[in-house]
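Report on the following structure.
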Amino acid sequence: MIAEQYRLIRTNIEYTAAPLAKFQVLMIGSAEMSDGKSTVSANLAITWADLGKRVLLIDADLRRSTVDKTFQVPNGQGLTGVLADQLSAEQVIQPTIVAGLDVLTAGPVPPNPADLLESPQLAAILNDLRQKYDLIIIDVPPFTVVTDAQVILPHVDGVVLIVTLGKTWRSNMQRAVASLKISQANLLGVVTRSMQAHRRNEGYYKEEAYAANTKTKRRAR
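Here the sequence shown stands for residues 42 to 262, numbered as in the working numbering.
In structure tokens form, the structure reads like this:
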């Protein structure tokens, strides 16, 4: 049943993205920590690979990476090394046990994640990877906590936000949507998750990893 739900999400994203001139790089983000955006990213990547597409999942959550743990691959080298112009993407992209799905892990935590992601290297890397993959999914940190996701927005074709009902603050969700509007990003939709799913992922993020903003008013319903 869970697999079927992810296939339905995939289909809905494709339907919404159909009018776009191009749809090849998809960002999965959230307004807050622990909303499950990394879980959704990984499972959507698998469902697209199951269609026979060549898929790359990029872990751009440089502060709190998870892709290496999810797919049990090394994280000694990754996106940070490529952005620092120390390695090529081909050197650090790794295959997974899922046919057609490769991953680019985050790599070692840099002292300046947002500055590193804002480097011209990112655009060049993604342009090159577009020639090699049918779909690229980028897992990013929460929008309302750090600026990392905003600096990547100009390089993606569409964005999907993840919300946990009864947990995500409505004001934070509004701020995340406002960030997308300012960047003129294509918001393809919102995936809602239940509190039960949230509790299963409890402890997924550590608050100190992002120094989260706590000024909130109402939770999403």
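Even glycine gets a Cβ: it sits at the ideal position worked out from N, Cα and C. Quick caveat, the model's predicted, so the values are computed rather than measured.
Name the residue from S71, G141 and Q135 whose alpha carbon lies nearest to the alpha carbon of G272.
Only positions 42 to 262 of the chain appear in this structure, which leaves residue 272 out of reach.
Could you tell me whether the segment 200-217 touches the segment 165-172, using the rule of 3 or more Cβ pairs below 8 Å?
no
Bridge-paired residues (DSSP) for M68:
Stepping through the sequence shown from its first residue, residue 68 is reached at position 27. According to DSSP, M68 bridges with I179 and V200.
Give me the Cα-Cα distance between P183 and L158, rounded to the nearest whole angstrom.
The residue labelled residue 183 in the question sits at position 142 within the sequence shown. The residue labelled residue 158 in the question sits at position 117 within the sequence shown. Taking the straight line joining both Cα atoms gives about 15 Å.
Alpha helix (DSSP H) segment containing L120, residue limits:
The sequence position of residue 120 within the sequence shown is 79, counting from 1. That run of the alpha helix (DSSP H) goes L120 to L124.
Assuming K96 contacts I178 (C-beta within less than 8 Å), just tell me the rounded distance between them.
Within the sequence shown, numbered from 1, the residue matching residue 96 stands at position 55. Within the sequence shown, numbered from 1, the residue matching residue 178 stands at position 137. At residue 96 the sequence reads Val, which differs from the Lys that was named. Confirmed, about 7 Å.
Hey, could you find the ends of the beta strand (DSSP E) D102 is sitting in?
To locate residue 102, count along the sequence shown from 1; it is residue 61. Per DSSP, D102 belongs to no beta strand (DSSP E) and is neither H nor E.
In this structure, what does DSSP give as the bridge partners for D143?
Your numbering for residue 143 matches position 102 in the sequence shown. L97 and P136, per the DSSP bridge assignment.
Just mark T107 as buried or exposed, buried being the case when its beta carbon has 16 or more other beta carbons within 10 Å.
If you number the sequence shown from 1, residue 107 lands on position 66. That one is buried.
For L120 and L103, believed in contact at Cβ under 8 Å, the rounded distance:
The residue you call residue 103 lines up with position 62 of the sequence shown. The residue you call residue 120 lines up with position 79 of the sequence shown. About 7 Å separates the two Cβ atoms, so the contact holds.
Put T111 into one of helix, strand or coil per three-state DSSP.
Within the sequence shown, residue 111 is the residue found at index 70, counting from 1. The answer is helix: DSSP assigns T111 an H, G or I state.
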